[in-house]
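Keeping their order, the protein sequence lines are chains C and U.
Quick note on numbering: the first sequence equals residues 1 to 231 in the numbering used here.
Quick note on numbering: the second sequence equals residues 1001 to 1381 in the numbering used here.
Ideal Cβ positions, reconstructed from N, Cα and C, are used throughout, including at glycine.
Note that this is a predicted model, so its numbers are computed, not measured.
Report on one structure; see the data block that follows.
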Amino acid sequence: MNIIEVRNVTKTYDGGEGLVTALGGVNLKVEEGEFLALVGPSGSGKSTLLSILGAINPPTNGEVIIDDINIYELSSERRADFRSEYLGFVFQQFQLIPYLTAIENVMLPLAITNRSTTEQREMAKAVLEKVGLGNKCERLPNQLSGGEQERVAIARAIVNHPPILFADEPTGALDTKTGQEIMDLFKTLNKEGQTIIMVTHNMDCLSYTGRAVFIRDGLLEKTEEYRKKVI
Amino acid sequence: MLFLVIGMVIGITTIVTLFTITKSMKIELGNKFDQIGANMLIIPKADKLTLSYGGVPVSGVSFDVKKIDSSAIDKIRTIKNKENIAVVSPKLLGGIKVNEKNALAIGIQFKNELRMKRWWKINTDAGKPEQFEAKPQRMEMKNTEVLLGSELAAKLDKKPGETVNIGDQSFTVRGVIQSLGSEEDNSILLDLTVAQEILNRPNMISMIEVSALCNTCPIEEIVAQISEKLPQTNVLAVKEAVEARKAVVDRFANFALAISVVVLLIGSLVVFLTMMGSVNERTREIGIFRSIGFRKVDVAQIILTEAAVVSILGGISGYLLGMVVAGSTAPLIAQMDLTIPWELNIAAGALGISVIVGLLASVFPAYQAAKLDPSEALRFI
Ligand SMILES: Nc1ncnc2c1ncn2[C@@H]1O[C@H](COP(=O)(O)OP(=O)(O)O)[C@@H](O)[C@H]1O
Ligand SMILES: [Mg+2]
């Protein structure tokens, strides 16, 4: 079953110097449990597509259906609830809140649920252990290495068990070895059934994924299948 | 944020200071009004010495140069508006030695003086220094008894019931008057006739305090009538002095209010600009919150909660600091001896004002934060 279905999505930005077409008619289906890479050169529209899939950027035309919900027909507050329930984000450059400790960063998505602080803390702790940071919960982001910050960001994205995990250039700021470790972590999560959609322009990452979709100038160019999804 | 807290503290401090000073000035003024038992003061015509009595400067009072004759007391009762006159309390003032210590002797007719000075707190019980005679006007005093001002009593180490000596005469201390902040504190109050003997000024008095029942009566007319009967004296309407003082206090109150309004306006502007700046600075952070699933109201709530926390901190420290500043500057500003009252409603007011200003000034920044477009906010990562 397709968890995501993108139908004829276009996106035109009204930038300073006239209209910029970032996406020119995209159709895409993503199955539950897939590990999908969006690949393309800089400025090709990857981030735009990811933000549209991520329910934070309404497309100019077309629709996005996630789990049978037409997400851009929801009111903006309902869409926030939808993100809270369905989606996890790993942003470019980790994007941790600098004045919160690792565990507090991970607890953020739970803060708007009606769980007790103790429960939030336990859940966050469990996820941090899962990503291998069980002993660094109380550190501030600037006391962690790049790879560790990335792990915290991943922990924050999956702490409330979202059906879909988005990652924008997750290895972009990491050295090769750390990048591979992070890709291993993604692969492990995917093996456990996590649907992942990742933006990258690093070809080395593709071997960890199940499928890659290539974008150029706002259009899907081709699709490469590497392996069947695990479940 | 620190800047914001400091700004809030300064604002609230200013307001609390001004407000507290105004308030204590008014309390003080109220006391003065209450304590003016006399509406008129009759003093001999003389030009040189000045004396202040009851906190009100009285020009032309001189102890030793000229005296009023005792017959003046009865003449006052003969004026046209004599029905309005309630109490006539003559006094003779003079320096004496009590138990070898210098003191101001005030010779009075106990009955009249105590009827006039109803607010005095007189301790008549040596065992319980904080127990006061409920009504001075009910006290019956003999001419072998005296009252001591609080300072003099302390200086002589005398308690009610003990005796003091003036020359070879001894008197029983009937009571000690709690500090009035005036001349009485260092005085011994004795019977007028006795004082006239001791000071060797038979039939002489230094001044007469007159209280008239005066809600409706024309005080100026009574003053004129007494002046006519007693051409050798100056008759002063005491309340006028206090009323002038009241005008000053009122003007200060208005000034304080104006300053407070300006400070509040500046304060809200500071809060507004700082919160706007903070929202701008934290665009990305807010983008993250929104992407994670925080609703607009959640984001607005974060901003307003921060504003509230800062306001509460600012309000509490502003109040405390304001009390300190008021305590140290009030005597200077008000030119009065003020006690600064610790009042719960001023504290609550300070807190309330700072929270209200903090929140109101943050409404728009919070709205701006809430309506940030998350994809836009995360774009330049
Ligand atoms: N908010 C925006 N306003 C105007 N133009 C934008 C905006 N976001 C992206 N673009 C433009 O759309 C195009 C695609 O951008 P993006 O999706 O960020 O590409 P990628 O992530 O592949 O580098 C670029 O030309 C970019 O300048
Ligand atoms: Mg990008």
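Return no unless some Cβ of chain U is closer than 7 angstroms to the Cβ of residue i.
| i | result |
| --- | --- |
| C/P163 | no |
| C/N57 | yes |
| C/I182 | no |
| C/F166 | no |
| C/Q120 | no |
| C/I112 | yes |
| C/Y226 | no |
| C/R115 | no |
| C/E77 | yes |
| C/R83 | yes |
| C/F35 | no |
| C/P109 | yes |
| C/S51 | yes |
Report the residue from the options whose alpha carbon sits nearest the alpha carbon of residue i.
| i | options | result |
| --- | --- | --- |
| C/L28 | C/A153, C/D168 and C/T10 | C/T10 |
| U/I1353 | U/M1025, U/F1019 and U/L1002 | U/F1019 |
| C/Q92 | C/E225, C/T209 and C/P170 | C/P170 |
| U/K1155 | U/D1185, U/I1021, U/I1312 and U/T1124 | U/D1185 |
| C/G25 | C/G54, C/P59, C/E17 and C/G16 | C/P59 |
| U/A1361 | U/L1332, U/A1326, U/N1345 and U/A1307 | U/A1307 |
| C/E148 | C/T118, C/L96 and C/I164 | C/L96 |
| U/M1001 | U/V1310, U/A1326, U/W1342 and U/L1236 | U/V1310 |
| U/E1197 | U/S1211, U/G1167 and U/L1230 | U/G1167 |
| C/G45 | C/V6, C/R227, C/A126 and C/F214 | C/F214 |
| U/A1237 | U/T1022, U/T1017 and U/I1043 | U/I1043 |
| U/L1147 | U/R1138, U/P1160, U/G1181 and U/Q1137 | U/P1160 |
| C/T197 | C/V20, C/S47 and C/G18 | Note that residue 197 of chain C is Ile in the sequence shown here, rather than Thr. For the residues C/V20, C/S47 and C/G18, the minimum Cα distance to C/I197 belongs to C/S47. |
Does the Cβ of residue i have 16 or more other Cβ atoms within 10 Å, making it buried, or fewer, making it exposed?
| i | result |
| --- | --- |
| U/G1149 | buried |
| C/S207 | exposed |
| U/M1204 | buried |
| U/V1297 | exposed |
| U/Q1169 | exposed |
| C/A37 | buried |
| U/P1365 | buried |
| U/W1120 | buried |
| U/D1191 | buried |
| U/F1255 | exposed |
| C/S75 | exposed |
| U/S1187 | buried |
| U/V1262 | exposed |
| U/K1101 | exposed |
| C/S51 | buried |
| U/K1142 | exposed |
| C/Y226 | exposed |
Is there a C-beta anywhere in chain C that falls below 7 angstroms from the one on residue i?
| i | result |
| --- | --- |
| U/I1381 | Legend: pLDDT at U/I1381 = 47, less than 50; position of this residue unreliable, value from coordinates given subsequently. Judged by the 7 angstroms Cβ criterion, U/I1381 is in contact with chain C. |
| U/D1277 | It is worth fixing the name first, because residue 1277 of chain U is Gly in this sequence and not Asp. Chain C, which has no Cβ nearer than 7 angstroms to the Cβ of U/G1277, makes this no. |
| U/R1410 | Outside the shown range of chain U (1001 to 1381) lies residue 1410 of chain U, about which nothing can therefore be said. |
| U/I1288 | yes |
| U/F1294 | yes |
| U/D959 | Residue 959 of chain U lies beyond the range of chain U shown here (1001 to 1381); nothing can be said about it. |
| U/P1365 | no |
Give the secondary structure of residue i by DSSP, where H, G and I count as helix, E and B as strand, and everything else as coil.
| i | result |
| --- | --- |
| C/I70 | The sequence given here places Asn at residue 70 of chain C; Ile does not occur at that position. In this structure, C/N70 counts as strand in the three-state DSSP scheme. |
| C/R83 | helix |
| U/P1374 | helix |
| C/D184 | helix |
| U/G1314 | helix |
| C/E169 | coil |
| C/R211 | strand |
| U/P1090 | strand |
| U/Y1319 | helix |
| U/Y1367 | helix |
| U/G1136 | Here residue 1136 of chain U is Pro; the residue named in the question, Gly, does not match the sequence. Here U/P1136 sits in helix by DSSP. |
| U/S1170 | strand |
| C/E225 | strand |
Residues in its own chain within less than 7 angstroms of residue i by CB, not counting five upstream and five downstream?
| i | result |
| --- | --- |
| U/T1274 | F1003 and L1004 |
| U/N1112 | V1087, V1088 and S1089 |
| C/R115 | none |
| U/S1268 | V1357, L1360 and A1361 |
| U/I1340 | T1020, S1024, M1323, A1326, G1327 and A1330 |
| U/Q1225 | I1079, K1080 and N1081 |
Should residue i be flagged as near chain D, meaning a C-beta pair shorter than 7 angstroms?
| i | result |
| --- | --- |
| C/Q95 | Protein chains in the displayed structure are C and U, and chain D is not among them. |
Output needed for residue i: all residues of its chain with C-beta closer than 6 angstroms, excluding positions within five of it in sequence on either side, in chain order.
| i | result |
| --- | --- |
| U/I1374 | Before going on, a small fix: residue 1374 of chain U reads as Pro here, not Ile. Excluding sequence neighbours, U/P1374 sits near G1287, R1290 and S1291. |
| U/T1014 | V1263 |
| U/V1249 | M1025 and L1029 |
| U/V1098 | V1164, I1166 and I1188 |
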